[in-house]
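Chemist: Below you will find the structure I want to go over with you.
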Amino acid sequence: MKILVPVKRVVDYNVKIRVKADQTGVETANVKMSMNPFDEIAVEEAVRLKEKGLAGEIVAVSAGVAAAAETIRTALAMGADRGILIETEVELQPLAVAKLLKAVVARESPGLVIMGKQAIDDDMNATGQMLAALLGWPQGTFASKVALADGRVTVTREVDGGLETVELALPAVVTADLRLNEPRYASLPNIMKARKKPIETLTPAALGVDVTPRLAVLKVEEPPKRKAGAKVASVAELVAKLRTEAKVI
Ligand code: AMP
Numbered sequence: 001m002k003i004l005v006p007v008k009r010v011v012d013y014n015v016k017i018r019v020k021a022d023q024t025g026v027e028t029a030n031v032k033m034s035m036n037p038f039d040e041i042a043v044e045e046a047v048r049l050k051e052k053g054l055a056g057e058i059v060a061v062s063a064g065v066a067a068a069a070e071t072i073r074t075a076l077a078m079g080a081d082r083g084i085l086i087e088t089e090v091e092l093q094p095l096a097v098a099k100l101l102k103a104v105v106a107r108e109s110p111g112l113v114i115m116g117k118q119a120i121d122d123d124m125n126a127t128g129q130m131l132a133a134l135l136g137w138p139q140g141t142f143a144s145k146v147a148l149a150d151g152r153v154t155v156t157r158e159v160d161g162g163l164e165t166v167e168l169a170l171p172a173v174v175t176a177d178l179r180l181n182e183p184r185y186a187s188l189p190n191i192m193k194a195r196k197k198p199i200e201t202l203t204p205a206a207l208g209v210d211v212t213p214r215l216a217v218l219k220v221e222e223p224p225k226r227k228a229g230a231k232v233a234s235v236a237e238l239v240a241k242l243r244t245e246a247k248v249i
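For the sequence shown, UniProt numbering assigns the number 1 to the initial residue and increments by one for each residue that follows.
Quick look at the structure:
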């Protein structure tokens, strides 16, 4: 069974995000970019399924600027077999990405799509759900455990207040949560090997998908700065401040 793993190039999680001076978005020029952390978890899960003999080929796909090929290379170094880059300069929104992935699914016929639950740049948490809906496939989102057997995938989901277990018929879409696994680091020999693995480059037009943005970003702002706290000497002083200054009691 083939597994498709969508991977997004995002601002590295260690970088302190800065809002652009003109408030149109966040600064990405001269900023370290990496694979979205939840997508690393998705790649790791696909590689583990392959290592257990439950999956055949792993195809990593990324949509975005030409540099997204680096993100695909990282997936290849972790163990994916080949890559597909859908190259575009257009800023992609979840529905556009979901449509592109649907077109890739039509070409590749994977039995499973494993992707991140959300991209840490704009925190949409929408693409996996939209892809499942467009394909008419079952979805298991926020997965903390994935088990494949007999043409079905059992997904343990992290939901508010506990865990929910769902069983889906394949083909299906699964989105990875933080506790699913700990992704491996790519070893140097594997990074070298990944250089020889193929990456096919496509365009949205070649896939017949219109990626024109449908949402307009009006303004991006920094969160308000938190004011410094104050220490009180006694409970009596705390109560007095809550009554007279904060006016909450
Ligand atoms: P989002 O809905 O934007 O929070 O993203 C959820 C997941 O969709 C990510 O973790 C990726 O697996 C996938 N995804 C989003 N954007 C892209 C992209 N441009 N290329 C490949 N995969 C993407």
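Here a beta-carbon is modelled for each residue, glycine too, at the ideal position from N, C-alpha and C.
Roughly how far, in whole angstroms, is the beta-carbon of A176 from the beta-carbon of A143, given that I think they are within contact range, below 8 Å?
Modeler: Position 176 of the sequence shown, counting from 1, holds the residue named residue 176. Position 143 of the sequence shown, counting from 1, holds the residue named residue 143. 6 Å between Cβ atoms; contact.
Chemist: Going along the chain, which unbroken runs of the beta strand (DSSP E) with 3 or more residues stay wholly within the stretch 120–195?
Modeler: You should have 139–149, 152–159, 162–169, 172–176.
Chemist: Opposite M33 in the DSSP bridges: which residues?
Modeler: Here residue 33 refers to the residue found at position 33 of the sequence shown. BP columns for M33 point to V11.
Chemist: So what does I58 bridge to, in DSSP terms?
Modeler: One-based indexing of the sequence shown puts residue 58 at position 58. DSSP output for I58 lists I3 as bridge partner(s).
Chemist: Which residues does DSSP list as the beta-bridge partners of I199?
Modeler: Translated into positions along the sequence shown, residue 199 becomes position 199. According to DSSP, which records beta bridges pairwise, I199 is partnered with G83.
Chemist: Please report the straight-line C-alpha distance between G25 and G151, rounded to a whole angstrom.
Modeler: By one-based count along the sequence shown, residue 25 stands at place 25. By one-based count along the sequence shown, residue 151 stands at place 151. Rounded to the nearest angstrom, the two C-alpha atoms are 43 Å apart.
Chemist: When every heavy atom of ligand 1 is checked, does at least one fall within less than 7 Å of the C-beta of D177?
Modeler: Walking along the sequence shown from the start, residue 177 turns up at place 177. Checking every heavy atom of ligand 1 against the Cβ of D177, none is found closer than 7 Å.
Chemist: Quick check on this structure: which residue in P204, T244, I58, E222 has the alpha carbon closest to the alpha carbon of S109?
Modeler: Position 109 of the sequence shown, counted from the first residue, corresponds to residue 109. Selected option, being the one with the closest Cα: I58.
Chemist: Cβ of N181 versus every heavy atom of ligand 1: is any distance shorter than 7 Å?
Modeler: What you label residue 181 is simply residue 181 of the sequence shown in a count that begins at 1. No.
Chemist: L218 lies in the alpha helix (DSSP H); which residues open and close that run?
Modeler: The residue you call residue 218 lines up with position 218 of the sequence shown. Counting along the chain, L218 falls outside any alpha helix (DSSP H), and DSSP gives it neither H nor E.
Chemist: Less than 7 Å between the CB of D122 and some heavy atom of ligand 1, yes or no?
Modeler: To locate residue 122, count along the sequence shown from 1; it is residue 122. The answer is yes for D122.
Chemist: By Cβ distance, which residues of its chain are closer than 6 Å to A63, with the 5 residues on each side in sequence left out?
Modeler: Stepping through the sequence shown from its first residue, residue 63 is reached at position 63. Here the set comprises I86, L92, V97, L100.
Chemist: Counting only the same chain and skipping the five closest in sequence on each side, list residues whose C-beta sits under 8 Å from that of T88.
Modeler: Numbered from 1 along the sequence shown, position 88 holds the residue referred to as residue 88. So the list reads A63, G64, V65, T203, P204, V211, once near-sequence residues are dropped.
Chemist: Suppose you measure from the CA of R82 to the CA of V61; what does that come to, to the nearest Å?
Modeler: Taking the sequence shown and counting its residues from 1, the one referred to as residue 82 is at position 82. Taking the sequence shown and counting its residues from 1, the one referred to as residue 61 is at position 61. Approximately 9 Å, taken between the alpha carbons.
Chemist: According to DSSP, is V248 helix, strand or coil?
Modeler: The count along the sequence shown starts at 1 and reaches residue 248 at position 248. DSSP places V248 in coil when its eight states are reduced to three.
Chemist: By a C-beta neighbour count over all protein chains shown, 10 Å radius and 16 as the cutoff for buried, is V153 buried or exposed?
Modeler: Walking along the sequence shown from the start, residue 153 turns up at place 153. When all chains shown are included, V153 counts as buried.
Chemist: In chain order, what residues of the same chain have a beta carbon less than 8 Å from the beta carbon of K20, not counting five sequence neighbours either side?
Modeler: As a working mapping, residue 20 is identified with position 20 in the sequence shown. So the list reads V26, E27, V220, once near-sequence residues are dropped.
Chemist: Within 7 Å: the Cβ of S144 and any heavy atom of ligand 3?
Modeler: What this structure holds is ligand 1, not ligand 3.
Chemist: Going by beta carbon distance, what residues of the same chain come within less than 7 Å of I191, once the five residues before and after it are set aside?
Modeler: Here residue 191 refers to the residue found at position 191 of the sequence shown. Within the same chain, I191 has close Cβ partners A77.
Chemist: Is T141 close to ligand 1? I mean its beta-carbon at under 7 Å from any heavy atom of the ligand.
Modeler: Position 141 of the sequence shown, counted from the first residue, corresponds to residue 141. For ligand 1, not one heavy atom lies less than 7 Å from the Cβ of T141.
Chemist: By a C-beta neighbour count over all protein chains shown, 10 Å radius and 16 as the cutoff for buried, is P198 buried or exposed?
Modeler: As a position in the sequence shown, residue 198 is number 198, starting the count at 1. Burial call: exposed.
Chemist: If V235 sits next to L242, beta carbons under 8 Å apart, how far is it from one beta carbon to the other, in whole angstroms?
Modeler: Working through the sequence shown from its first residue, we reach residue 235 at position 235. Working through the sequence shown from its first residue, we reach residue 242 at position 242. So it is not a contact: roughly 10 Å between Cβ atoms.
Chemist: Taking the alpha-carbon positions, what's the R157 to A147 distance?
Modeler: Numbered from 1 along the sequence shown, position 157 holds the residue referred to as residue 157. Numbered from 1 along the sequence shown, position 147 holds the residue referred to as residue 147. Using only the alpha carbons, I get a separation of about 12 Å.
Chemist: Would you call V174 buried or exposed, if buried means 16 or more other Cβ atoms sit within 10 Å of its Cβ?
Modeler: As a first step, residue 174 must be located in the sequence shown, where it is residue number 174. It is buried - the Cβ of V174 has at least 16 other Cβ atoms within 10 Å.
Chemist: Check this for me: beta carbons of L218 and A103, under 8 Å apart or not?
Modeler: By one-based count along the sequence shown, residue 218 stands at place 218. By one-based count along the sequence shown, residue 103 stands at place 103. No, Cβ-Cβ distance for L218 and A103 is not below 8 Å.
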